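Residue numbers (this note's numbering): 10 to 332. Ideal Cβ placement from N, Cα and C applies to all residues, glycine included. Small disclaimer: the values here were computed from a predicted structure and weren't measured.
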């Protein structure tokens, strides 16, 4: 039986404090020059901001500059392909996200696998989402929304940031687990104005995007996608309190070319985990609505594998493909 996401996280986080094995000669000579951290999204996007924060900490912890390079395009596939083709020497890495896992199923003609062709060596942070509706919709809880959707099958619209986006796939998981028929409306641009006005009736949205609108009364939060309630929305129940077992969380991690020596991967991992324990880094992440997710290389590798199993099924069942 596949372990739950929570059990994988718990085991990996608990193991993060284990001592590293003695360093080999290759690790002792490394790093002797600047390193590159590729980001598959434009500058200023959340993955870029997280990458620059972590790169600064790695620069301080490893004693050599870590330079962030943006490689936007094809939902981060361009960056992933470049990292996979790079020498496995610890000088090239990628700030990875859950979207990379989605891509293995959404894109039918990829000549690489993000899951198996890359070494996943460090968890960085997780990003909760929240199910939000316009105040004009006559529901005030997940249970009421489910009942309303079942009473009007195919009449309610679920917005998203596009085919294969986290907002789309998280919504598809909700549809499947709640047993409701919602019409998916993908947006290439902002979807929040149409949600606020009631032209679409539901979005599973990132917390940083939705929280200000919820606090201003422009949206109603029905449930958070985490296993436990959030400090930022203490009065909002989890979706799982109604739809048992529902959990959908975005995340950030670090990947390197397969074959990077274990001692080098361990040093990168240790430097990241040290950064994630720094109150200043934690505060910066909290300001973005995300939380530290320290793991060992082995723990994060197993986590990525479990995420791939979970989301591959959701994507295939939904018939989702990349635009």
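Contact belief for residue i with residue j at Cβ below 8 Å, rounded distance in angstroms
i           : j           : result
residue 3   : residue 301 : In the structure as shown, the chain starts at 10 and stops at 332, and residue 3 therefore has no counterpart that could be examined.
residue 58  : residue 297 : 7 Å
residue 201 : residue 165 : Wrong, their Cβ atoms sit about 17 Å apart, outside the cutoff.
residue 324 : residue 111 : 6 Å
residue 205 : residue 143 : 6 Å
residue 70  : residue 284 : 7 Å
residue 77  : residue 44  : Contact flag wrong, Cβ pair sits at about 10 Å.
Residue i to residue j span [Cα, whole Å]
i           : j           : result
residue 150 : residue 138 : 16 Å
residue 113 : residue 197 : 21 Å
residue 176 : residue 275 : 33 Å
residue 290 : residue 282 : 11 Å
residue 46  : residue 92  : 9 Å
residue 100 : residue 61  : 16 Å
residue 253 : residue 95  : 43 Å
residue 107 : residue 214 : 15 Å
residue 120 : residue 145 : 47 Å
residue 330 : residue 117 : 8 Å
residue 79  : residue 192 : 34 Å
residue 125 : residue 63  : 24 Å
residue 34  : residue 105 : Because the pLDDT at residue 34 is just 45, under 50, the model does not fix this residue reliably, and the value given afterwards should be weighed accordingly. Using only the alpha carbons, I get a separation of about 28 Å.
residue 263 : residue 56  : 11 Å
residue 128 : residue 308 : 12 Å
residue 32  : residue 41  : Residue placement at residue 32 is poorly supported in this model, since its pLDDT is 47, which falls under 50; the coordinates are not used for a value here.
residue 232 : residue 256 : 11 Å
residue 68  : residue 38  : 16 Å
residue 314 : residue 219 : 29 Å
residue 130 : residue 236 : 24 Å
residue 242 : residue 268 : 42 Å
residue 328 : residue 122 : 20 Å
Buried versus exposed, by CB contacts within 10 Å (16 or more), residue i
i           : result
residue 208 : exposed
residue 51  : exposed
residue 248 : buried
residue 229 : buried
residue 234 : buried
residue 87  : exposed
residue 188 : exposed
residue 318 : exposed
residue 310 : buried
residue 85  : buried
residue 240 : exposed
residue 53  : exposed
residue 89  : buried
Test: residue i CB closer than 7 Å to a CB of chain D
i           : result
residue 145 : Although the question refers to chain D, the structure presented lacks it and comprises just one protein chain.
Strand pairing of residue i, partner residues [DSSP]
i           : result
residue 177 : Looking at the DSSP assignment, residue 177 forms no beta bridge with any residue, so it has no partner.
residue 78  : 47
residue 135 : 260 and 300
residue 229 : 142
residue 168 : 194
residue 242 : 239
residue 215 : 138
residue 247 : 233
residue 106 : 261
residue 101 : 45
residue 129 : 264
Sequence-distant residues of the same chain with beta carbon closer than 6 Å to residue i, five excluded per side
i           : result
residue 184 : 191
residue 223 : 230
residue 321 : 114
residue 336 : Because residue 336 is not part of the residues shown, which for the chain are 10 to 332, the question remains open.
residue 102 : 46, 263 and 265
Cβ-based neighbour list, residue i, same chain, cut-off 7 Å, excluding 5 preceding and 5 following
i           : result
residue 195 : 169, 171, 172 and 177
residue 163 : 190 and 192
Own chain residues within Cβ distance below 8 Å of residue i, not counting five before or after
i           : result
residue 238 : 245, 246 and 247
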